[in-house]
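Report on one structure; see the data block that follows.
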Amino acid sequence: MLGYDSNGNTLYETFDYRALLATARFGIRFLPPLPHDQQLVIGLGFEYNRVLSLRLPSNTSSYYYSANQPADASDAYATPGLLPNLTLGWRRQRLTLLLDGQFYRTRSGSSFSDLFFASNGAVRLGLNYRLGRNPDGPTRPWRPPVRPR
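The sequence shown begins at 95 in my numbering and counts up one residue at a time.
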């Protein structure tokens, strides 16, 4: 059974809760050109997370406590480390494929290296399609409107 060893001892507990998380990601991307209307995407960025609301289960009481239970809303999600997230990708015309990664730290980290590295992280894969035209591409020259005679 999930969460128990062969002797029936609890290996870990699960804890269900609902939360609303707001995330802001700021960064910079470099887009060096490649042959045949392609671009390489290289980026660095930072992430800021804020839990807007946290709802604990109804069976939480003063004598019920789970080791996995967040003490408050700020413990509900991991905090990004001080290292920036890294982005690597490829763009061809309107299509962009991105792979980025981020290290997260725990709030209980006691050493200096815990501010930078942690045992958990996230890797994201994204596929984007641009609906508008390429703003970096060549534009048609302006011509005065033709008036009918």
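Yeah, the Cβ is synthetic: ideal placement off N, Cα and C, and Gly gets one too. Quantities reported herein were computed from a predicted structural model and do not represent experimental measurements.
DSSP, reduced to helix, strand and coil, places Ser207 within a helical segment of the structure shown. When Asp110, Pro127, Thr181 are compared, the shortest CA-CA separation from Gly220 is found for Thr181. The criterion of a C-beta distance shorter than 8 Å is satisfied by Tyr223 and Leu189.
DSSP, reduced to helix, strand and coil, places Pro129 outside both helices and strands of the structure shown, so it counts as coil. Bridge partners of Ala216 according to DSSP: Gln196. Note on Pro174: 16 or more other CB atoms within 10 angstroms of its CB, so buried under the neighbour-count rule. Secondary structure note for Ala113: its beta strand (DSSP E) is the uninterrupted segment 112 to 124. Taking C-beta atoms as the reference points, Asp131 and Gln196 fail to come closer than 8 Å.
Between the beta-carbon of Pro178 and that of Phe140 there is about 6 Å, and that keeps the pair under the 8 Å contact cut.
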